[in-house]
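Asker: Quick note, the sequence shown lines up with residues 1201 to 1448 if you use the numbering used here.
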Amino acid sequence: MNDDQLLRYSRQIMLPELDYAGQQALLQARVLIVGVGGLGSPVAMYLAAAGIGQLVLADDDVVDLTNLQRQIVHSEQTVNQLKVDSAAATIAQLNHDINVECLPQRLADQSMEEQVEAADVVVDCSDNLATRTALNQVCWEKKTPLVMGAAIRFEGQLSVFDSRNPASPCYACLHHQTNSLDVTCSANGVMSPMVGVIGTMQALETVKLLAGLGQPAVGKLMMFDGLSAQWHSFALPKLDDCKVCAKG
Ligand SMILES: [Zn+2]
1201 MNDDQLLRYS RQIMLPELDY AGQQALLQAR VLIVGVGGLG SPVAMYLAAA
1251 GIGQLVLADD DVVDLTNLQR QIVHSEQTVN QLKVDSAAAT IAQLNHDINV
1301 ECLPQRLADQ SMEEQVEAAD VVVDCSDNLA TRTALNQVCW EKKTPLVMGA
1351 AIRFEGQLSV FDSRNPASPC YACLHHQTNS LDVTCSANGV MSPMVGVIGT
1401 MQALETVKLL AGLGQPAVGK LMMFDGLSAQ WHSFALPKLD DCKVCAKG
C-alpha cells in the first residue's frame, strides 16, 4: 500500500479484525456484481469506497427515470446511458484507485461461468429468477461464494451461500422452502431505503468473506421488515435432495 492508500483506508486498517493484511486482501480482490440497480448501487459504491481492487459490473439495462428513486449510483445526467457505464463513472469519482470492468450484458452460459470462476465473491443484485438460479448453479460448481439479497415493498432478505463449506445450503434450497420474492419492483413497488439496507448488508458480507473476518450469514436467512423495523434470522437448512448442492 502506498501512503495515499494507508491514509484513505486508515479507519478500516485500525480495526484489529481487518488490520493491514485484511485491507491488502480487499485491494487484491475481484468481485462480480450482477445487476447494477437498487441493490447493486450501494453494493458497488460501498465496495469501491472500502477499497475492493477490482469490481466487475454486469447489467444489460440502461438508466430510466423511474430508477432514480432508489438506484443511487445513477443520476439525472446518466438517464438513457448503460447502467454499467453510469455506475463506473460514479465509482471513478468516489475512488480512482478501483479497477472497474463493465459488462453491458445479461450474463449467461459461458460468460457467466468465466466471470464467476474469475471472481473471489459474487454478489447477486439481479431482479429475476432465471439469473438467480443460473448464478447459484455456477457459483456452486466453481466454489465461488455468493451473497444473495432481495428487496420488495417493505421486505428484504439476505443470505450467503458458500460451496467451500459442505454444510452450506444454496439458493435452490432457499427457493424450494420459501418460493418467495419472484416478484419485481416494477410490478410491486419498493420503498427506496429498503434496497439501501439490504445492499449495504450485502457489501458488508462481501468484505467479511474477502478478509476472512466474522461469521458470514451462511446457513441462515436474514429477513428485514421495514414497517416494523425488525430483523428476523431463520436457520436455513441444506436440503438433502437439493439438485444443486446435495452430493448425489
Ligand atoms: Zn441447495
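For each residue, glycine too, the CB sits at the ideal point set by N, CA and C.
All figures in this text were calculated on a predicted structure; none of them were measured in a lab.
How about residue 1303 and residue 1338: do their beta carbons lie closer than 8 Å?
Answerer: Not in contact: residue 1303 and residue 1338 (Cβ atoms no closer than 8 Å).
Asker: Check whether the region 1317 to 1324 touches the region 1223 to 1243, counting contact only when three or more Cβ pairs, one atom from each stretch, lie closer than 8 Å.
Answerer: Yes, they touch.
Asker: Around the Cβ of residue 1384, are there at least 16 other Cβ atoms within 10 angstroms (buried) or fewer (exposed)?
Answerer: Flag for residue 1384 reads exposed.
Asker: According to DSSP, is residue 1352 helix, strand or coil?
Answerer: Looking at residue 1352 - three-state DSSP - the assignment turns out to be strand.
Asker: Given this structure, state the Cα-to-Cα distance separating residue 1265 from residue 1276, to the nearest angstrom.
Answerer: Answer to the nearest angstrom: the Cα atoms are 8 Å apart.
Asker: Quick one: complete alpha helix (DSSP H) runs, 4+ long, within the region 1330 to 1401?
Answerer: Qualifying alpha helix (DSSP H) stretches, in chain order: 1371 to 1378, 1385 to 1388.
Asker: Between residue 1268 and the rest of its own chain, which residues show a CB-CB distance below 8 Å, the 5 nearest in sequence each way excluded?
Answerer: Taken in chain order, the residues that qualify are 1274, 1275, 1276, 1279.
Asker: Would the region 1362 to 1381 and the region 1391 to 1399 be scored as touching if the rule is three or more Cβ pairs under 8 Å?
Answerer: Judged by Cβ distances under 8 Å, the region 1362 to 1381 makes no contact with the region 1391 to 1399, as fewer than three pairs qualify.
Asker: Out of curiosity, what's the CA-to-CA distance linking residue 1330 and residue 1356?
Answerer: One C-alpha to the other measures close to 19 Å.
Asker: Output the distance between the C-alpha atoms of residue 1223 and residue 1412, rounded to the nearest integer angstrom.
Answerer: Using only the alpha carbons, I get a separation of about 11 Å.
Asker: Rounding to the nearest angstrom, what Cα-Cα distance links residue 1351 and residue 1387 in this structure?
Answerer: So the two alpha carbons sit approximately 13 Å from each other.
Asker: Quickly, what does DSSP pair residue 1423 with across the bridge? List them, please.
Answerer: 1357, 1432, per the DSSP bridge assignment.
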